[in-house]
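Below: the structure, in structure tokens.
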Amino acid sequence: MSDTDFDIYVIQDPDYYVYLPKDSESKDSLQGQLYNLHRFFAARRDNPIYVKSLKDFVLQVLVQVIIKRQAAMASPAGLTSLASGGGKIRNLIIAAHGSPGVVYIGSNAITGSDKELAELRKLAPYFARDANVYVLACRCGQTEDLLRKLSGAFGGAKVHGYTDYIVTRDYGITVTLSDGTDNGGKHIVCFRTGKCTGTNDPLPAPNTEGLGPPFERRDRVK
Numbered sequence: 105m106s107d108t109d110f111d112i113y114v115i116q117d118p119d120y121y122v123y124l125p126k127d128s129e130s131k132d133s134l135q136g137q138l139y140n141l142h143r144f145f146a147a148r149r150d151n152p153i154y155v156k157s158l159k160d161f162v163l164q165v166l167v168q169v170i171i172k173r174q175a176a177m178a179s180p181a182g183l184t185s186l187a188s189g190g191g192k193i194r195n196l197i198i199a200a201h202g203s204p205g206v207v208y209i210g211s212n213a214i215t216g217s218d219k220e221l222a223e224l225r226k227l228a229p230y231f232a233r234d235a236n237v238y239v240l241a242c243r244c245g246q247t248e249d250l251l252r253k254l255s256g257a258f259g260g261a262k263v264h265g266y267t268d269y270i271v272t273r274d275y276g277i278t279v280t281l282s283d284g285t286d287n288g289g290k291h292i293v294c295f296r297t298g299k300c301t302g303t304n305d306p307l308p309a310p311n312t313e314g315l316g317p318p319f320e321r322r323d324r325v326k
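The sequence shown begins at 105 in the numbering used here and counts up one residue at a time.
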């Protein structure tokens, strides 16, 4: 990979999650998980972005590619790296709700249909050769077929999924993130060949992140 390759963090917009239960307490809890994910990565200064739909996801990722490439142009070394094929996505983190065989990108339930995959293929040229896509969505890794399809759509990037629940908790001054592997869940990675295997690789982030001021909370829907 190149020194100018970069990571992009995408969070499902809580206000565009249309598959919410009518029960207000459950609804707030589900939206709160997404707010917490944003707070977690924002505290790490990963500049997470909310996405409203599949098309918005593709657009926002492309915008981030342009922004990060422009930043690399500020130095001679960056220009050289870009000219040599650098300036591509190293890690794409998609944090969203999910279920076996489904990941929710904004208001869209992604199941690997031909139409969805065609839209996602627009991003394929922008991934580095050994890129990773982490799908932080509950139980999405229970269905390897979706991970394989996503790997193909992303040009062969390694796609990671988890068989257990992705859980975040906001304690006011810290926020935690768990992938469920400490409770018996599995971390699955699927390759461009179509092969999938279990791995012990950790999440692309620590399990706990401190929150500096302001302690901004957004636990309830607008």
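C-beta: ideal position from N, C-alpha, C; glycine also.
What you are looking at is a predicted structure, and each value in this text was computed from that prediction instead of being measured.
Straight-line measurement puts the Cα of Met177 at about 31 Å from the Cα of Leu254.
Counted as a single uninterrupted DSSP element, the beta strand (DSSP E) harbouring Phe110 occupies residues 110–116. Counting the other Cβ atoms within 10 Å of the Cβ of Thr297 gives fewer than 16, which makes it exposed.
Ile198 and Pro180 have their alpha carbons spaced roughly 32 Å apart. Contact between Ile270 and Ala309 is ruled out by a C-beta separation of about 12 Å, above the 8 Å threshold. Contact between the stretch 108–123 and the stretch 161–168 is established, with three or more Cβ pairs separated by less than 8 Å. Shown here, His201 sits in coil according to DSSP, grouped into three states, outside any helix or strand. DSSP places Asn304 outside both helix and strand once states are collapsed to three, so it counts as coil. Pairing Gly191 with Thr272, the inter-Cα distance amounts to about 31 Å. Counting along the chain, no alpha helix (DSSP H) covers Val122, and no H or E run does either. Leu158 sits close to Ile214, with the two beta carbons spaced by under 8 Å. For the options Gly259, Val239, Arg252, the alpha carbon positioned closest to that of Ala228 is the one of Gly259.
Spanning the alpha carbons of Pro152 and Gly202 requires a straight line of approximately 19 Å. Bridge partners of Tyr208 according to DSSP: Ala213. A residue is called buried once 16 or more other Cβ atoms fall within 10 Å of its Cβ, and Arg252 is buried on that count. DSSP lists Tyr266 as the bridge partner or partners of His291. Here the C-alpha atom of Ala257 lies approximately 23 Å from the C-alpha atom of Lys290.
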